[in-house]
Amino acid sequence: MTKPAKQTERQLLHNEIEDIFDPKTMRIVSEVAGVPLTIIMPTEIGHTNIQTAGGTVDDLMRELDVEPRANCVCVDEQNGYDPLRESARITTITSYCAAIPGLYDDSYISNVRPYCNLPELYTEWSNYRLEKMKQEIENIQATIIQHVSRDRDSFPLDEVYHFAEQQISYLKRTARQMVDQTLCAEVRRHFGVREINATSEKWVVVRAHQRFKDLLPGVMAQTLVWRPVCLYLSDWEETKYMIRSGNVSFVYSQQGTFSWDQYRFEEYLFGDELLRQGLKEVLLAWLHRFDLLNLEKDS
Numbered sequence: 001m002t003k004p005a006k007q008t009e010r011q012l013l014h015n016e017i018e019d020i021f022d023p024k025t026m027r028i029v030s031e032v033a034g035v036p037l038t039i040i041m042p043t044e045i046g047h048t049n050i051q052t053a054g055g056t057v058d059d060l061m062r063e064l065d066v067e068p069r070a071n072c073v074c075v076d077e078q079n080g081y082d083p084l085r086e087s088a089r090i091t092t093i094t095s096y097c098a099a100i101p102g103l104y105d106d107s108y109i110s111n112v113r114p115y116c117n118l119p120e121l122y123t124e125w126s127n128y129r130l131e132k133m134k135q136e137i138e139n140i141q142a143t144i145i146q147h148v149s150r151d152r153d154s155f156p157l158d159e160v161y162h163f164a165e166q167q168i169s170y171l172k173r174t175a176r177q178m179v180d181q182t183l184c185a186e187v188r189r190h191f192g193v194r195e196i197n198a199t200s201e202k203w204v205v206v207r208a209h210q211r212f213k214d215l216l217p218g219v220m221a222q223t224l225v226w227r228p229v230c231l232y233l234s235d236w237e238e239t240k241y242m243i244r245s246g247n248v249s250f251v252y253s254q255q256g257t258f259s260w261d262q263y264r265f266e267e268y269l270f271g272d273e274l275l276r277q278g279l280k281e282v283l284l285a286w287l288h289r290f291d292l293l294n295l296e297k298d299s
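First residue of the sequence shown: 1, per full-length UniProt numbering; consecutive thereafter.
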C-alpha cells in the first residue's frame with residue numbers, strides 16, 4: 001500500500017530540511033562565519049515557513065527580498081525560476097550560537113514562543129542554556145587552575161567576579177524567556193500570532209496617546225498587585241537604576257543594542273521594559289487587562 005501523496009511530500013520536505021543541517025553543511029556555514037557554530041536547539045531546525053498558496057504579489061513583495069540575479073550564480077534549472085510567479089515558497093531561518101567559551105550568548109526565544117508547543121520549547125531552551133552554562137563553568141575552572149599553576153601567590157578574582165555577574169544575568173534571562181504557559185495560552189486565544197508579533201507597534205501607539213499619561217498612575221497601581229508581572233516589575237526597577245547611574249551599556253535587549261538617553265527621552269516605562277526583554281505576550285496581556293488597547297483603537 002502506497003502512502004498518501006501529501007504524506008510523502010511532507011516526509012520528503014522533512015528530509016530536505018534535515019539535510020540542510022548535515023554536519024558537512026554546518027562546517028561550511030562555520031567556515032563562512034569565521035567561527036565554529038552550533039544550532040541553538042532542535043526547534044530551530046523546524047523553524048521553516050512553507051507557503052503553497054494565498055496572498056497577493058503586493059503582499060509577497062513586502063516580505064520577499066529577491067536578490068539581483070547578477071549577485072548570484074544560477075544553474076540551468078534556476079534560470080527559469082521566478083519566485084513571484086511560483087505558488088510554493090519555502091523559507092528557513094535558523095539561530096546559531098558561536099561554540100566559543102566566554103563569548104556572549106545573545107539568544108532569545110521571543111520569535112518562536114508565540115506559536116510553539118511551550119513544554120517542548122521550554123525543555124529544549126533550558127537544556128541548551130544549562131549545557132552552555134556548564135561549559136562556561138568548566139572554562140572558568142580551567143582558567144583558575146592555569147592561573148594558580150603559574151602563580152600560587154595570586155588568584156584571578158576579577159575573572160571570577162566577572163564570570164559570576166555574567167552567569168547571574170544569563171540565568172535570569174533563561175528564566176524570564178519562559179513566560180507563564182497560562183498567560184501565553186490566554187493571549188493566543190484572544191489575539192493570535194500575527195497580533196502578538198505586532199505588539200511593539202501597538203505599544204508605540206498607546207504610549208504616544210494623549211490620554212495615556214493620565215491613565216498610567218491608576219494602571220500602575222493595579223499592576224503592582226497583579227501577580228503574573230511581579231518578577232518583571234523588579235527587572236524594571238533594576239533597568240531604571242542602570243539608566244540613572246549611567247550604566248546602560250551593561251543592559252541587554254532582545255532587539256539588539258539597548259540604549260536609553262535619560263536626558264533626551266521620556267521616562268522609561270514598564271511597557272518599555274517588557275519590550276526590552278522581548279516579552280510580547282506579557283506586554284499584550286498587560287495592555288489588554290487594563291484596557292490600554294482601547295487607546296490604540298481610538299488613535
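For each residue, glycine too, the CB sits at the ideal point set by N, CA and C.
If you're wondering where the values come from, they're calculated on a predicted model, not measured in any experiment.
Residue i - partner residues in DSSP beta bridges
| i | result |
| --- | --- |
| G256 | S253 |
Candidates the options: closest to residue i by CA position
| i | options | result |
| --- | --- | --- |
| E237 | P36, V282, E273 | E273 |
| F212 | S126, D106, E296, T43 | E296 |
| V248 | E136, L224, L103, D261 | D261 |
| V282 | I140, R176, Q222, Y128 | R176 |
| Y96 | G34, R173, D235 | G34 |
| F290 | R227, M133, V251, M220 | M220 |
| C116 | L287, A185, G102, T223 | A185 |
| K202 | S299, V29, V148, S30 | S299 |
| E235 | R194, Q277, S245 | Position check: residue 235 holds Asp in this sequence, whereas Glu was assumed. Closest option to D235, Cα to Cα, is Q277. |
| F163 | H147, V32, I137, T38 | I137 |
| V112 | R188, Y161, P101 | R188 |
| T174 | D214, Q254, C230, G192 | Q254 |
Whole-Å CB distance - residue i paired with residue j, under 8 Å assumed
| i | j | result |
| --- | --- | --- |
| E124 | M41 | 4 Å |
| L121 | T43 | 6 Å |
| Y232 | L279 | 7 Å |
Run of the alpha helix (DSSP H) containing residue i, from where it starts to where it stops
| i | result |
| --- | --- |
| Y96 | Unbroken run through Y96 is the beta strand (DSSP E), 96-98; no alpha helix (DSSP H). |
| I39 | Premise fails: I39 lies in the beta strand (DSSP E), 37-39, not in any alpha helix (DSSP H). |
| G246 | Per DSSP, G246 belongs to no alpha helix (DSSP H) and is neither H nor E. |
| R194 | 193-197 |
| Y170 | 157-176 |
| C184 | 181-190 |
| I144 | 118-150 |
| N111 | Element bounds for N111: n/a, residue is neither H nor E. |
Whether residue i touches residue j by CB criterion (8 Å)
| i | j | result |
| --- | --- | --- |
| V206 | L292 | yes |
| K134 | D105 | no |
| L284 | T199 | yes |
| P114 | D180 | no |
| P23 | A98 | no |
| H288 | H209 | no |
| Y268 | T223 | no |
| P101 | N139 | yes |
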